[in-house]
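Shown next, in structure tokens, is the structure this report addresses.
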Amino acid sequence: MQLNGDQKLEAYRRMLRIRRFEEEGARQFKAGKIPGTFHLSVGQEAAIVGACLALRRDDAMTGTHRSHGHPIGKGARLDALMAELMGKEGGICKGRGGSMHLADRSVGIISESAIVGGGIPLATGCAFSAKVRGVDQVTLCFFGDGAVNQGTFHESLNMASLWKLPVIYLCENNGYAISTSIAQSHGQPDIALRAAGYGMPGVTVDGQDLSAVYEAARQAVARARAGNGPTLIVADTYRFYEHAFSLAIRGKPYRSAEEVERYKRERDPIVLFRSELLKQGIGDNILTAIEEDVIDAVKRAVKFALSSPTPCPDTLLDYMFSSPPPDYYSAVNGLERN
């Protein structure tokens, strides 16, 4: 089943929102407005949005440390997301999560984790919860190619298959775990083949082709809602920038400049999808209007984030427990709550 006209325009809008949001985030990071480190998913937009468009708004999702694009792909607000990256009170998690540990329940993001493979068991547990509650909610779990060598990947896929849980494991295979290539770290480089070991379908799709990712995710969602269990999707994609802005990778380059430039020149998912839309008869003026609207939305997000206050130090212990005991603040390090 192909995307309809409105879905295609929304897909283009969301991919652009990810690209422009992250480019602006990089500028804010360099300006010292975003603390910690910063991981870009530029180049991987089609894999993210293609999968997210197959979901309902009430479906759940887990992400990774490279996870600003995942909530945007699901339809999240940009202003609260930018404020979260800056550690501001107006952020999705009131500035407590930051770039790598944010959650956005408004669009079903239950957790994003800096721990490689950390989201896989959480997604499995979320899918188990849906099954126990008797609802048809599906959970989409994003992770990278480095995570498939973690024990959590194997344990989770085995349990999900055994219990036929409604979960989709989506590997964004960009070919490198920081600077280690798949050839250097995978005894079996065809990641989708690992699904057979756990009795579930495993498919590989072109992660730069939004329509291909959407179709694979749509079939996996239908399978999960029908009670037939999980699917492993491997989206072959590519990150255009380094692993993280603040991470210095010394020594011999792990990938060539020619390789990076070739992907930017020939395999940019946004350029490819824009060309596809033009061939299908969608006017250039319509696409240009979307591009201008996205630029304005990112500018408004930055303005909102910069004007949002930083959390007060005496709220440090807030949100640690849903029901803290009466003497909680005074019992922990002698802190007192005003």
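Under numbering that gives the first Met the number 0, the first residue of the sequence shown is numbered 0, with each subsequent residue one higher. Virtual Cβ for every residue (Gly too), placed ideally from N, Cα, C.
Burial state of residue i (16 or more Cβ within 10 Å)
| i | result |
| --- | --- |
| M187 | Here residue 187 turns out to be Gln, not Met, going by the sequence shown. Result: exposed. |
| A176 | buried |
| Q136 | buried |
| C125 | buried |
| C51 | buried |
| E260 | exposed |
| Q1 | exposed |
| L15 | buried |
| M81 | buried |
| M85 | buried |
| S255 | exposed |
| D58 | buried |
| A195 | exposed |
| D205 | buried |
| V212 | buried |
| A193 | Correcting the residue type first, residue 193 is Arg in the shown sequence and not Ala. R193 should be labelled buried. |
| E265 | exposed |
| F37 | buried |
| R299 | exposed |
| D103 | buried |
| N337 | Residue confidence for N337 is low, a pLDDT of 49 falling below 50, so the modelled location carries little weight and cannot support an answer. |
| A129 | buried |
| I190 | buried |
From the options, residue whose alpha carbon lies closest to that of residue i
| i | options | result |
| --- | --- | --- |
| R19 | R222, L192, V297 and S321 | V297 |
| D295 | P70, F28 and L77 | L77 |
| V220 | M60, L15 and D313 | M60 |
| G133 | A225, F142, I109 and H67 | A225 |
| H69 | G143, L277, A288 and F127 | G143 |
| G74 | E214, R95, A223 and V106 | V106 |
| E9 | D103, P324, A288 and D326 | A288 |
| Y197 | P325, S160 and L80 | S160 |
| F152 | G116, A182, S184 and L139 | G116 |
| G35 | E258, W162, F244 and Y262 | F244 |
| P120 | A146, R95, A191 and R273 | A146 |
| G94 | P324, D317 and S329 | D317 |
| K32 | H67, S98, I71 and R55 | S98 |
| R12 | D313, I109, E83 and F272 | F272 |
| I108 | Q218, Y253, K130 and R56 | R56 |
| Q27 | P308, S307, D326 and V301 | V301 |
| Q43 | K263, K251 and S307 | K263 |
| P252 | S178, D103, G96 and W162 | S178 |
| S307 | R65, E83 and I17 | E83 |
| Q218 | S274, I190, L139 and G250 | L139 |
| A113 | V131, R65, K130 and N157 | R65 |
| I17 | V293, S274 and M158 | V293 |
| D313 | N157, S329, S322 and L286 | S329 |
Short Cβ contact (8 angstroms threshold) for residue i with residue j
| i | j | result |
| --- | --- | --- |
| A30 | A216 | no |
| H100 | E111 | yes |
| T236 | Q279 | no |
| A45 | P268 | yes |
| L164 | F127 | yes |
| T63 | G118 | yes |
| A223 | V270 | no |
| N148 | S184 | yes |
| L169 | G201 | no |
| A79 | I91 | yes |
| I248 | E241 | yes |
Chain C within 8 angstroms of residue i, Cβ atoms only
| i | result |
| --- | --- |
| E275 | The structure shown contains no chain C; it holds only a single protein chain. |
Nearest-angstrom beta carbon gap, residue j and residue i [assumed within contact, 8 angstroms]
| i | j | result |
| --- | --- | --- |
| G228 | M199 | 6 angstroms |
| E21 | L39 | 5 angstroms |
| A234 | E291 | Not a contact, Cβ separation roughly 29 angstroms. |
| L305 | K7 | About 34 angstroms separates the two Cβ atoms, so there is no contact after all. |
| L209 | V48 | 6 angstroms |
| T203 | S155 | With a Cβ gap of about 20 angstroms, T203 and S155 do not count as contacting. |
Scan the segment 98 to 167 and note each continuous beta strand (DSSP E) run of 3 residues or more that stays entirely inside, going in chain order. 108 to 111 and 138 to 143
Identify every run of the beta strand (DSSP E) within the segment 289 to 319, keeping only runs that are complete inside it and at least 3 residues long; order them along the chain.
none
Report the start-end ranges of each beta strand (DSSP E) in the segment 213 to 256 that is 3 residues or longer and not cut off at the edges.
Look at the segment 213 to 256 and you find these whole runs of beta strand (DSSP E), each 3 residues long or longer: 230 to 235.
| request: Mind listing, in chain order, the continuous beta strand (DSSP E) runs of no fewer than 3 residues lying wholly within the segment 169 to 216? | output: 201 to 205
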